[in-house]
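Adding 18 to a residue's 1-based position in the sequence shown gives its number in the numbering used here.
Cβ coordinates follow ideal geometry from the N, Cα and C atoms, glycine included.
Every value quoted in this text rests on a predicted model; they were computed, and no experiment measured them.
Right, one structure below, let's go through it.
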Amino acid sequence: MNYLIRNAVGIHNDSHPGATDIRIRNGRIAELGWQLTPSAADPETLVDASGCVVWPGLVNTHHHLAQSIMKGVPEGLNQNLGDWLGSVPYRFWPKVTPELMYHAARLGFYELIRSGTTTCADHHYLYHATTSPELEAAVWQAAEELGIRLVLCRGSATETGSHEGMIEHRIEPETIDQIIDRLDATRKQHHQDGPDAMKKLVVAPTSLIHSSSPEGLKAQAAWAREHGLKMHSHLLEVDFDEIQAREKYGQSAIDYAESCGWLGDDVWYAHLVHSDAHAIERLAATGTGIAHCPTSNCRLGSGIAPVIEMQKAGVPISLAVDGSASAESGSMLQELNLAWLIHRAVHGPEATTLEQVLDWGSRDGAQLLGLSDTGSLAIGKAADLVLYDIDQPRFAGVHSPLMAPLMCGEPVQVRDSFVQGRRLVADGRVAGLDEAELTAKVQQSVAQLLADA
Ligand SMILES: [Zn+2]
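In structure tokens, the structure reads:
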């Protein structure tokens, strides 16, 4: 499908400042400019962008879609990460059927799409010795149906480890052979290479420090690199990672990661809140990136990741929602808004700029995921873009309209969005999704989780 988007209030791009129009041809941006005229030879659908600003689609580099049906669980509301893991995600994990996973994924994607997201990296970790492959299939299916770009970060545990949740809820870990066999089956069925892949697989043990062995980590790193797949995990979300690494392995968490082959420009970690100067230096020297999840880190009282220091050192920065059990809004725009604000509280008003934060949440995230044809608006790039409707009272007083969604934050109205030139949202409605039906399915799913809790 070809589109001509016209009369936008502004389009966030580098090459054509002040542009108002974009032409989409065969999934790519063919033209950027002013007063573009409809093509007679090559029919295209006109999209009137009056009252809208156009951004590159946001790129979420760390999520747990299964948690979309585990928001605000009372037992976990005021707990720290370690206790919350046992009270919320691990408690419900054994109850997540493929059907529940499917509804949770649809809800998570819906929330991302309605906040302006076009790519999601889901850290999916519901794998144990007797896992049904249908749990993973539900995530791929939901993404394909809605048309969002999916990077499935395949979690794993080879040990019950130092988080109590797995033992308490009798989750039996996989063997390393099981993990590699199942990874390979997924790779063959779903993974696409290339900077505009719609589906990518990433090797992503759930925790480097707590539930993986050094041998298992080395084996997964070698396998990932043999197949050109990127690598991802959680690291240094809380101090406990550092304490455990020193106790179990006699070295810092970052040095342990490096000794297992888990630093490099093909690796990024969620959180890294407790990175010291040495950790930042190793991350920067190896090109290892961060998925910065400010809302989840606030919600669980984990702290604030030192991304300003990281940025200065040259660590690649991206933004992410994390699971909705610890970031209930499920909104990428909320992460941008909070990332813009929170570092100013600590470092002063020059610590972040709106443009920098939007780059973290779009171009830089896409780069980290290996999707360099997406994440920015330029001629020849994939047409992953979002139209925010700012023709509304709460935006009308803004003097910098192009950045209005970021500085004003939620609620926003995504009027239209596109992935690879396919329309995901049209006139404010997510295509292929009935909101009333989704609400009902999610309510049923929550009831089922609680049925014999
Ligand atoms: Zn996470």
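Contact set for residue i: own chain, Cβ-Cβ below 6 Å, skip 5 residues either direction
| i | result |
| --- | --- |
| isoleucine 272 | Ala297 and Arg300 |
| alanine 436 | It should be pointed out that residue 436 corresponds to phenylalanine in this sequence rather than to alanine. Closer than 6 Å at the Cβ level, and outside the excluded window around phenylalanine 436, lie Ala401 and Leu403. |
| alanine 161 | Leu168 |
| serine 229 | Ala175, Glu177 and Gly179 |
Presumed contact (8 Å Cβ cut-off) between residue i and residue j, rounded CB distance
| i | j | result |
| --- | --- | --- |
| alanine 222 | histidine 250 | 4 Å |
| glutamate 62 | proline 56 | 6 Å |
| glycine 268 | threonine 224 | That pair is no contact at about 23 Å. |
| proline 74 | serine 394 | 5 Å |
| valine 256 | histidine 292 | 7 Å |
| cysteine 70 | isoleucine 408 | 7 Å |
| isoleucine 472 | aspartate 259 | The first residue shown for the chain is 19 and the last is 471, placing residue 472 beyond what the model contains. |
| aspartate 434 | valine 65 | 6 Å |
| glutamate 154 | threonine 79 | That pair is no contact at about 19 Å. |
| lysine 236 | glycine 279 | 6 Å |
| arginine 46 | lysine 399 | 7 Å |
| leucine 201 | aspartate 140 | About 15 Å separates the two Cβ atoms, so there is no contact after all. |
Neighbourhood of residue i by C-beta, 7 Å cutoff - its chain only, sequence neighbours within 5 removed
| i | result |
| --- | --- |
| proline 112 | His187 and Ile189 |
| alanine 37 | Ile29, Asn31, Leu50, Gly51 and Trp52 |
| arginine 43 | Asn20 |
| leucine 318 | Asn98, Leu99, Trp102 and Ser344 |
| valine 27 | Gly69, Cys70, Val71, Ile408 and Pro419 |
| leucine 54 | Leu22, Arg24, Asp39 and Arg41 |
| valine 14 | Residue coverage of the chain in this structure runs from 19 to 471, which leaves residue 14 outside it and unanswerable. |
Residue i, enclosing beta strand (DSSP E) - first and last residue
| i | result |
| --- | --- |
| lysine 236 | Here lysine 236 belongs to no beta strand (DSSP E); instead the alpha helix (DSSP H) covers 232 to 244. |
| lysine 218 | 217 to 221 |
| histidine 80 | 76 to 81 |
| tyrosine 21 | 21 to 24 |
| histidine 142 | 135 to 142 |
| isoleucine 261 | Unbroken run through isoleucine 261 is the alpha helix (DSSP H), 257 to 267; no beta strand (DSSP E). |
| valine 464 | Taken as a continuous stretch (DSSP letters only), valine 464 belongs to no beta strand (DSSP E), being part of the alpha helix (DSSP H) at 453 to 468. |
| valine 404 | 403 to 407 |
| alanine 444 | 440 to 444 |
| histidine 252 | 249 to 253 |
| glutamate 49 | 46 to 51 |
Reference residue i; option with closest CA among the options
| i | options | result |
| --- | --- | --- |
| valine 375 | Thr304, Gln431, Leu354 and Gln410 | Leu354 |
| tryptophan 241 | Gly90, His365 and Asp199 | Asp199 |
| leucine 442 | Leu405, Ala288 and Ala465 | Leu405 |
| tryptophan 286 | Pro429, Pro423, Gly388 and Ala84 | Gly388 |
| arginine 243 | Glu260, Glu265, Val220 and Ile227 | Val220 |
| leucine 247 | Leu226, Thr193, Cys171 and Ile326 | Cys171 |
| valine 114 | Ile87, Cys138 and Pro334 | Ile87 |
| alanine 147 | Ile194, Leu386, Ala160 and Glu368 | Ile194 |
| histidine 142 | Thr136, Pro151, Leu254 and Val71 | Pro151 |
| glycine 16 | Ser347, Ala363 and Ala331 | Residue 16 is absent from the structure shown; the chain starts at 19 and stops at 471. |
| serine 33 | Phe413, Ser390, Ile397 and Leu118 | Ile397 |
| asparagine 479 | His310, Ser344, Leu424 and Ile47 | The shown model of the chain, from 19 to 471, leaves out residue 479, and the question about it has no answer. |
| glycine 212 | Gln385, Pro411 and Glu455 | Gln385 |
| leucine 337 | Ser463, Cys316, Lys399 and Pro312 | Pro312 |
| aspartate 39 | Ser68, Glu93 and Asp283 | Ser68 |
| serine 390 | Ile360, Gln438 and Ala357 | Gln438 |
| valine 91 | Glu346, Asn78 and Ile261 | Glu346 |
| serine 310 | Gly332, Glu93, Asp340 and Gly234 | For the record, residue 310 in the displayed sequence is histidine; it is not serine. With distances taken between Cα atoms, histidine 310 lies closest to Asp340. |
| serine 231 | Ala444, Leu467 and Lys266 | Lys266 |
| lysine 330 | Ala357, Ile360, Ala295 and Leu359 | Ala295 |
| glutamine 159 | Ile197, Pro191, Gln196 and Leu118 | Leu118 |
| glycine 473 | Ala239, Ser314, Leu356 and Ala444 | Look at the range of the chain in this structure, 19 to 471, and you will see that residue 473 is not part of it. |
| threonine 304 | Ile166, Ser277 and Glu192 | Ser277 |
Cβ-heavy atom distance, residue i to ligand 1, below 6 Å
| i | result |
| --- | --- |
| aspartate 340 | yes |
| alanine 288 | yes |
Contacting residues, own chain, Cβ-Cβ under 8 Å from residue i (five flanking each side not counted)
| i | result |
| --- | --- |
| leucine 164 | Arg124, Phe127, Tyr128, Ile131, Leu442, Val448, Ala449, Gly450 and Leu451 |
| alanine 465 | none |
| leucine 351 | Leu76, Ser133, Gly134, Pro423, Leu424, Gly427, Glu428 and Val430 |
| aspartate 60 | Asn20 and Arg43 |
| leucine 254 | Glu260, Ala271, Ile272, Tyr287, His289, Leu290, Val291, His292, Ser293 and Ala297 |
Check: residue i C-beta below 6 Å from any heavy atom of ligand 3
| i | result |
| --- | --- |
| asparagine 25 | Within the structure as shown, ligand 3 is missing, the only ligands being ligand 1. |
Residue range of the alpha helix (DSSP H) that includes residue i
| i | result |
| --- | --- |
| glutamate 198 | The sequence shown places isoleucine at residue 198, not glutamate. Counting along the chain, the alpha helix (DSSP H) containing isoleucine 198 begins and ends at 194 to 208. |
| isoleucine 227 | Segment: none, isoleucine 227 is in no alpha helix (DSSP H) and carries neither H nor E. |
| glutamate 276 | 271 to 277 |
| threonine 63 | Where threonine 63 is concerned, there is no enclosing alpha helix (DSSP H), although the beta strand (DSSP E) it sits in stretches over 63 to 66. |
| tryptophan 286 | Unbroken run through tryptophan 286 is the beta strand (DSSP E), 285 to 289; no alpha helix (DSSP H). |
| serine 314 | 312 to 317 |
| serine 105 | 99 to 105 |
| isoleucine 298 | 295 to 304 |
Residue-level contact to chain C via CB, residue i, 7 Å cutoff
| i | result |
| --- | --- |
| histidine 187 | No chain C appears in the structure shown, which is made up of a single protein chain. |
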